[in-house]
Every structure is written in structure tokens, then in C-alpha cells.
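Residues in the sequence shown are numbered from 5 upward in steps of one, following this note's numbering.
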Amino acid sequence: MPYRIDKCLCFGRRFDELKEIASENDVRSIEELQEFVLFGMNCMLCHPYVRRMLRTGQTCFSEIVTDADEPASDDSHETPSNPCD
């Protein structure tokens, strides 16, 4: 059964909500986004997903994404399909 990962569990913030806030404020990093909304400050497991969201626009994931998969300084601009559509 595939995963459905679409939010920061500690703060209950959905990635589509974070994406909208990021777009409205021209945000490009987790630290910048945290200036506008509270998320990702406890377990931080959402950080690689939020980095991928900021990079690609994807807001729902069916695979586990780690810091190794989505490093903070990744400059690639691929757009994966959204498995939760």
C-alpha cells in the first residue's frame, strides 16, 4: 500500500497550505517559510518534503524522502508527477 505524505505531522500543516504561503511571499527556503508559519520545528521529518515542495511544487508524496534524497542545497529543477492526484 502506498504512503500518502502531505503534511507536517507535529504542527498539522498541510504541504499545499505551505506551498500557498510560500508562493504568496516568494519564499525559497524552509527558514524563510518559518518566518510566516509555524511548522517543522520538532521532529523535522517534514524538512526534505518541504524542500522538495519548494523546489518542484509537489505537495503530496507516496515515497519516503530523506535529507539525503533532498539536501538543503539541491539546485535541480525536475518536476515529478504528483502521486496523490
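Ideal Cβ placement from N, Cα and C applies to all residues, glycine included.
Endpoints, alpha helix (DSSP H) assigned at residue i
i: Asp20; result: Phe19 to Glu28
i: Leu58; result: His51 to Thr60
i: Leu37; result: Ile34 to Leu37
Residues bridged to residue i [DSSP beta-bridge criterion]
i: Ile9; result: Phe65
Spatial neighbours of residue i in its chain, beta-carbon cut-off 7 Å, leaving aside the 5 residues before and after
i: Glu67; result: Tyr7
i: Leu42; result: Phe15
i: Asp73; result: Pro52
i: Arg56; result: Gln62, Val69 and Glu74
i: Leu22; result: Leu37, Val41, Phe43, Val54 and Met57
i: Arg32; result: Leu58
i: Glu82; result: Because the pLDDT of Glu82 is 47, which lies under 50, any placement of that residue in the model is unreliable, and the question is left without a value.
Contacting residues, own chain, Cβ-Cβ under 8 Å from residue i (five flanking each side not counted)
i: Ile25; result: Val31, Leu37, Phe40 and Val41
Residue i at chain D interface by Cβ criterion, 9 Å
i: Thr60; result: This model lacks chain D altogether, as it is built from one protein chain only.
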